[in-house]
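Accompanying notes for the structure given below.
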Amino acid sequence: MAYNLRQVHVLVVDDNQHICMAARQILEAFGITRVDFASDGLTAYGMFQRNPPDIVITDMDMIGGDGLELVRLIRQAGDSPKPTVPIIMMSGHTEREKVLAARDIGVTEFLCKPFSVGMVYDRLIATIARPRSFVRMSSYFGPDRRRSLRDFQGGERRIRGAL
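In terms of numbering that gives the first Met the number 0, the sequence shown has 160 at position 161, counting the first letter as 1, and numbering is strictly consecutive.
Dropping the structure here:
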């Protein structure tokens with residue numbers, strides 16, 4: 000299925016200018032022309048507050064406010080205008096603990112660097128075609144981390160609808 004992405008507004012956050020240029024070219028190839036850029040998380044959050052995008056794509060490690068801090072602000076700050084925005088975290092650091100840290104702070108999708116056009120498209124479409132419900136707990140607010148419902152039969156099984 001083809002998607003019309005012309006009206007989608009994306010905020011790309013990365014301190015590497017080459018990554019930003021590549022992201023612009025890839026997003027424009029998909030028909031996305033509303034793309035804003037920031038080179039650090041703090042600047043990005045200010046832009047996010049003034050003009051909330053439909054999707055945020057952010058690097059994990061940056062000087063001047065990293066991607067994890069940006070995600071935390073978007074998801075948890077009282078002045079966040081759109082805490083449920085889909086967030087795609089990209090990083091060349093794909094060790095398990097880094098990916099889990101991104102998931103646990105509220106990232107919607109994870110994109111490994113170096114990335115291909117197909118990888119970017121897959122993550123974008125995942126946020127659009129298969130949006131995940133959001134969960135609020137005392138220590139977490141973000142997309143449901145479970146990708147699918149499983150038929151768990153153990154003693155700790157939750158009763159459906161009992162939240």
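Idealized CB from N, CA, C, for every residue including glycine.
Quantities reported herein were computed from a predicted structural model and do not represent experimental measurements.
Query raised in the report: What are the boundary residues of the alpha helix (DSSP H) that Ala100 is part of?
Result: Start and end: Arg95 to Ile104.
**Report entry** 8 Å CB neighbourhood of Gly91 in its chain, flanking five on each side removed
**Finding:** Same-chain partners within the cutoff: Cys111, Lys112 and Pro113.
Report task. With DSSP as the reference, label Arg49 as helix, strand or coil. Result -> In the structure shown, Arg49 adopts helical secondary structure according to DSSP, grouped into three states.
Query raised in the report: Helix, strand or coil for Leu162 per DSSP?
Result: For Leu162, the predicted structure reports a pLDDT of 44, less than 50, and the residue's modelled location is therefore unreliable. A value from the coordinates is still provided. The answer is coil: DSSP assigns Leu162 none of H, G, I, E or B.
Requested in this report: Flag this pair as touching only if the stretch 59-74 and the stretch 33-43 have three or more C-beta atom pairs under 8 Å; answer yes or no.
Outcome: With a cut-off of 8 Å, the stretch 33-43 and the stretch 59-74 count as touching, because enough Cβ pairs lie within range.
Report task. Give me whichever residues DSSP pairs with Tyr2 in a beta bridge. Result -> Answer is none; Tyr2 lacks a bridge partner.
Query - Residue burial classification, Met88 (beta-carbon count within 10 angstroms, cutoff 16) - result: That one is buried.
Query raised in the report: Do Arg102 and Arg144 have their CB atoms nearer than 7 Å?
Result: For Arg102 and Arg144, yes; Cβs fall inside 7 Å.
**Report entry** Any non-hydrogen atom of the ligand PLP within 6 Å of Ala100 CB
**Finding:** As far as ligands go, the structure on display features none, and thus does not contain the ligand PLP.
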